[in-house]
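Protein chains: 2
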Amino acid sequence: MFESAELGHRIEKDVWEREVPALREALLDAQYDLVAAKKFPVVLLIAGVDGAGKSAVVATLNEWMDPRHIQTHGFDDPSEEELERPYMWRYWRALPPKGKVGIMDGSWYSWPILQRANGKIGNDRLDHDMELVRRFEQMLIDEGALVLKFWMHLSKDAQKRRLKKLEGDPKTRWRVTDRDWRHFKLYDTFREVSERALRHTSTGQAPWIVVEATDARYQKLTVGKILLEQLRARLDNPAPRAISVQAPPSITSIDGVNLLQRMDLTKKLDKAQYEKELEAFQGELALLTRHKNFRKHNVVCVFEGVDAAGKGGGIRRITQAIDARMCRIVPIAAPTEEERAQPYLWRFWRHLPVRGKVEIFDRSWYGRVLVERVEGFCSEADWMRAYGEINDFEAQMAQSGTILLKFWLAISKEEQLRRFEERQTTRFKRFKITDEDWRNREKWDTYETAICDMLERTSTEIAPWTLVESEDKFHGRIKILKTLCRRLEDAL
Amino acid sequence: MFESAELGHRIEKDVWEREVPALREALLDAQYDLVAAKKFPVVLLIAGVDGAGKSAVVATLNEWMDPRHIQTHGFDDPSEEELERPYMWRYWRALPPKGKVGIMDGSWYSWPILQRANGKIGNDRLDHDMELVRRFEQMLIDEGALVLKFWMHLSKDAQKRRLKKLEGDPKTRWRVTDRDWRHFKLYDTFREVSERALRHTSTGQAPWIVVEATDARYQKLTVGKILLEQLRARLDNPAPRAISVQAPPSITSIDGVNLLQRMDLTKKLDKAQYEKELEAFQGELALLTRHKNFRKHNVVCVFEGVDAAGKGGGIRRITQAIDARMCRIVPIAAPTEEERAQPYLWRFWRHLPVRGKVEIFDRSWYGRVLVERVEGFCSEADWMRAYGEINDFEAQMAQSGTILLKFWLAISKEEQLRRFEERQTTRFKRFKITDEDWRNREKWDTYETAICDMLERTSTEIAPWTLVESEDKFHGRIKILKTLCRRLEDAL
Chain A
398 MFESAELGHR IEKDVWEREV PALREALLDA QYDLVAAKKF PVVLLIAGVD GAGKSAVVAT
458 LNEWMDPRHI QTHGFDDPSE EELERPYMWR YWRALPPKGK VGIMDGSWYS WPILQRANGK
518 IGNDRLDHDM ELVRRFEQML IDEGALVLKF WMHLSKDAQK RRLKKLEGDP KTRWRVTDRD
578 WRHFKLYDTF REVSERALRH TSTGQAPWIV VEATDARYQK LTVGKILLEQ LRARLDNPAP
638 RAISVQAPPS ITSIDGVNLL QRMDLTKKLD KAQYEKELEA FQGELALLTR HKNFRKHNVV
698 CVFEGVDAAG KGGGIRRITQ AIDARMCRIV PIAAPTEEER AQPYLWRFWR HLPVRGKVEI
758 FDRSWYGRVL VERVEGFCSE ADWMRAYGEI NDFEAQMAQS GTILLKFWLA ISKEEQLRRF
818 EERQTTRFKR FKITDEDWRN REKWDTYETA ICDMLERTST EIAPWTLVES EDKFHGRIKI
878 LKTLCRRLED AL
Chain B
398 MFESAELGHR IEKDVWEREV PALREALLDA QYDLVAAKKF PVVLLIAGVD GAGKSAVVAT
458 LNEWMDPRHI QTHGFDDPSE EELERPYMWR YWRALPPKGK VGIMDGSWYS WPILQRANGK
518 IGNDRLDHDM ELVRRFEQML IDEGALVLKF WMHLSKDAQK RRLKKLEGDP KTRWRVTDRD
578 WRHFKLYDTF REVSERALRH TSTGQAPWIV VEATDARYQK LTVGKILLEQ LRARLDNPAP
638 RAISVQAPPS ITSIDGVNLL QRMDLTKKLD KAQYEKELEA FQGELALLTR HKNFRKHNVV
698 CVFEGVDAAG KGGGIRRITQ AIDARMCRIV PIAAPTEEER AQPYLWRFWR HLPVRGKVEI
758 FDRSWYGRVL VERVEGFCSE ADWMRAYGEI NDFEAQMAQS GTILLKFWLA ISKEEQLRRF
818 EERQTTRFKR FKITDEDWRN REKWDTYETA ICDMLERTST EIAPWTLVES EDKFHGRIKI
878 LKTLCRRLED AL
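Protein sequence lines, in the order shown, are assigned to chains A and B. Under the working numbering, residues 398 to 889 are what the first sequence spells out, in order. Under the working numbering, residues 398 to 889 are what the second sequence spells out, in order.
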């Protein structure tokens, strides 16, 4: 894949001076159109070998365009804080919103390629990591991003010359480190590993663009021109060529029996028993979260359920038992403007806790396949792919040591009516009931289908759903606490 | 993912008797529309746990529809012949053509899941295999297939009951083997591994449909109804919902320099030297193909190049040196009707040789990104995704022990003209030149772009291209022989 980038491509100075002004003007125009339209983000990867002038390209792009609308991110070894999150966390944080260009100097490719080149991981693991990346980029594209991946390449000789030249000049000497020379010794291995990584991730929709880095003018002009072409094509043609997709099966259960209906909502606990068990489990939970191994993990609890199912009450019974400094509740309402400018999972990634913490999501990323599906806020293709994207998201959490619990709180339609009416008549509960709640109630059956699909498609071996019969609040709360304690006990 | 399939779903006999006749009629109608339209194939996977009545479902579908237009394939342990090919080979062979329904009883999932459940492979490897499968299914969908994946599920109790019942009845006893009971002991492991496999491969476009298998009527009616719904939707709406894709960068080299131009076509060999080297390399090749380790491999040579570049001559110099029984030339012309009814790689998969053989493709799967691209026989999205699909294809060959060589034979435009004219004036060479050759020649520059893209995107660490300067035939032929000998020597 690198042969075309070892030909000694170059651009003479006069060509450069003739072409750059027009290119800059056109790039600026395109950038302002991008900013004005705010329809999609541009994710620009500048990856490649050491000494290939990646930073210089990034600097030039910032010079050519309006840097106020460019977000540049450099990625070195992950920080302590970053190591406590899933691998992709810091890249999610760096994603540009719609209307902006995000330049990634170094990227999600560097770490796995380096690990493989150093022999720390094998090919199976590299392929697995590249697969994650492939799905991540596909998600970005499906969410509307323009993804451009540039690989800066130097032949072995060219790299050696480049490093020597940088070292020879007192002004640039600092840019060459021992690490660069160590990497150079691995050139052949690095090349082979990179080629493997590129092979797995060069797709029809996000192809790699390999650029020879021997001549800086050639390199920068190539990146600039391709960026312009792609940006212009996308701006001028907002509905680009299409791939057709098949509709998902609408038949879920031909005998009308489903998971929700089969829940035994008559399960009950009397008050005395409830208070005894509440005390016991809250005590146990307090101890578990103080366990010395707890600092190696974190806990993410997801609460979903129909309106008035008792999510708030369930959450409070957990927080009561945990040191307030280690616990946080994230209530999920409609996304903010900032959040709407990002892929839908972005606003959940940003909240992922460091180790030793408990994070409770009061509603969650499952909104995508519940309210967004039912209300038609996203297309069928969007929510169909969301199941897989959510499973990938949760797999990454699990892999990084997160203990993930997902509670579905269920009540009957009659019980919901009773609670709605109680909320309307009880003065201090009136804030809890809105017109929207009544509207959602009318779509009970449509929601039921969506809920069953969700439970079926996202209850996995790494993150199973716990169905909580909440008709009796006492029973529901104890089941939540008990499930949480058992999972913590198993994990610690 | 299996919770919804452990609820004891069932369909009463009267419902069954009422619904089946109408379903059969509708299925038959849909099937005949499918046969008449010949627009797409249906790939129907019946997978799942042992004893879940997979064969009975397959039998019922064959009974309900016209079995002449259904191709049913059962897959047990791979045969000797199959083991000598890449893992996916036997599944490629079993793909139904457009207009037909292909039912896969057992499938590409069985082997990796079983291997993982038995502890023979780890999770990384399982994930890697599932990724291959995911890409394969995506390719089928992109090529227009309707892919339906049914997973037949039994709870642990239900499976035990089922096996016992089959064993208890003299008529069905033979269907339960020791292997079934051994698998049953692994139920929990098998369930977890299956869930992992399903999680990785349940995509928005090819979602798994999990069906409870406790009640045969429920199971069959569910499969039948979903098949009908999906078939009808696709037949009635030939241009289903679409996902937009971005255009590939059209800029490849801003300084006009490319791989082809940089080839040194002045390389020459005089006749005496040629004859000496020809004898030496052909001798070496003859010995290498008789090497005892050669039986562990096979060789696939791909010959591509502009018209009159000397492919035939190069190929003959190889075949002269090899026992005719172990060597086969596959000339690739326009696809046959049978081949056009399949994904474009199908006609190459079918030719993959067993071990100990040399297979020479005179033109190849690269037609997709050359002639099909240039002539507009496929869409931009099609040839853009083809690079990755081809790389995956070649990776599978390499993994199964194939030594793959890809030769690009280059001559100058002037030399081509000279050879064309020679062919027209030399009586015994006239069959070699057609109007099409002249038409292709007019598109020299367009082809050059396509060729450079191809070389860049498909020259990989597992299957690099060899560029052969063929202006001088002697030089070209010797380079081919020498490259082949060196690769064989390295591999044996």
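All C-beta atoms in this analysis are idealised placements derived from N, C-alpha and C, irrespective of residue type, glycine included.
Using the Cβ count rule (16 or more neighbours within 10 Å means buried), how would you classify residue i?
| i | result |
| --- | --- |
| V471/A | According to the sequence provided, residue 471/A is Gly. The question's Val does not apply to it. Under this definition G471/A is an exposed residue. |
| L618/B | buried |
| Y429/A | exposed |
| Q821/B | exposed |
| I606/B | buried |
| G621/B | buried |
| Q891/B | The structure shown has nothing for residue 891/B, since chain B only spans 398 to 889. |
| H748/B | exposed |
| D633/A | exposed |
| N837/B | buried |
| I408/B | buried |
| F437/B | buried |
| D612/A | buried |
| F828/B | exposed |
My understanding is that residue i touches residue j, with C-beta atoms under 8 angstroms, so please give their C-beta distance in whole angstroms.
| i | j | result |
| --- | --- | --- |
| H525/A | D447/B | The pair is not a contact, with the Cβ atoms about 28 angstroms apart (cut-off 8 angstroms). |
| P343/B | R744/B | Residue 343/B falls outside the range modelled here, since chain B spans only 398 to 889, and no answer is possible. |
| L805/B | G702/B | This sequence places Trp at residue 805/B; Leu is not what is there. That pair is a contact at about 6 angstroms. |
| E845/B | L684/B | Actually they do not touch by this definition, with Cβ atoms about 39 angstroms apart. |
Excluding five sequence neighbours on each side, which residues of the same chain lie with their C-beta closer than 6 angstroms to the C-beta of residue i?
| i | result |
| --- | --- |
| I859/B | A792 and A795 |
| A847/B | L767, R770 and V771 |
| V697/B | E756, T799 and L801 |
| K435/A | K495 and G496 |
Step through the CB atoms of chain B and report whether any lies within less than 8 angstroms of the CB of residue i.
| i | result |
| --- | --- |
| A423/A | no |
| Q643/A | yes |
| A630/A | yes |
| M723/A | no |
| H550/A | no |
| M501/A | no |
| H525/A | yes |
| Q602/A | yes |
| Y784/A | yes |
| S401/A | yes |
Any beta carbon from chain A within less than 8 angstroms of residue i's own beta carbon?
| i | result |
| --- | --- |
| L749/B | no |
| M781/B | yes |
| H406/B | yes |
| L767/B | no |
| I606/B | yes |
| I651/B | yes |
| A778/B | yes |
| L852/B | yes |
| E858/B | yes |
Among residues of its own chain, excluding the 5 on either side of residue i, which ones have a beta-carbon nearer than 7 angstroms to its beta-carbon?
| i | result |
| --- | --- |
| D869/B | K664, K665 and L666 |
| Q739/B | L492 and P494 |
| A888/B | H694 and I800 |
| W841/A | K810 |
Give me, in chain order, the residues of the same chain whose beta-carbon lies closer than 8 angstroms to that of residue i; leave out the 5 immediate sequence neighbours on both sides.
| i | result |
| --- | --- |
| E819/B | K826 |
| R884/B | I800 and L802 |
| I510/B | L523, F587, V590, S591 and A594 |
| D759/B | F700, K708, G709, I712, I726, V727, P728 and I729 |
**OP:** Spell out a yes or no on whether the stretch 713-721 of chain A and the stretch 767-776 of chain A are touching, meaning 3 or more CB-CB pairs, one atom from each, closer than 8 angstroms.
**Re:** no
Original post:
Using 8 angstroms as the threshold, is the stretch 573-587 of chain B in touch with the stretch 454-461 of chain B, meaning 3 or more CB pairs across them?
Top reply: no
Original post:
Are the stretch 623-631 of chain A and the stretch 543-552 of chain A in contact at 8 angstroms, needing three or more beta carbon pairs?
Top reply: yes
Original post:
Contact between the stretch 584-603 of chain A and the stretch 548-556 of chain A: three or more CB pairs below 8 angstroms?
Top reply: yes
Subject >> Stretch-stretch touch, CB-based, cutoff 8 angstroms, three pairs: the stretch 496-507 of chain A with the stretch 427-444 of chain A >> reply: yes
Original post:
Can at least three beta-carbon pairs, one atom from the stretch 501-508 of chain B and one from the stretch 558-572 of chain B, be found at a separation below 8 angstroms?
Top reply: no
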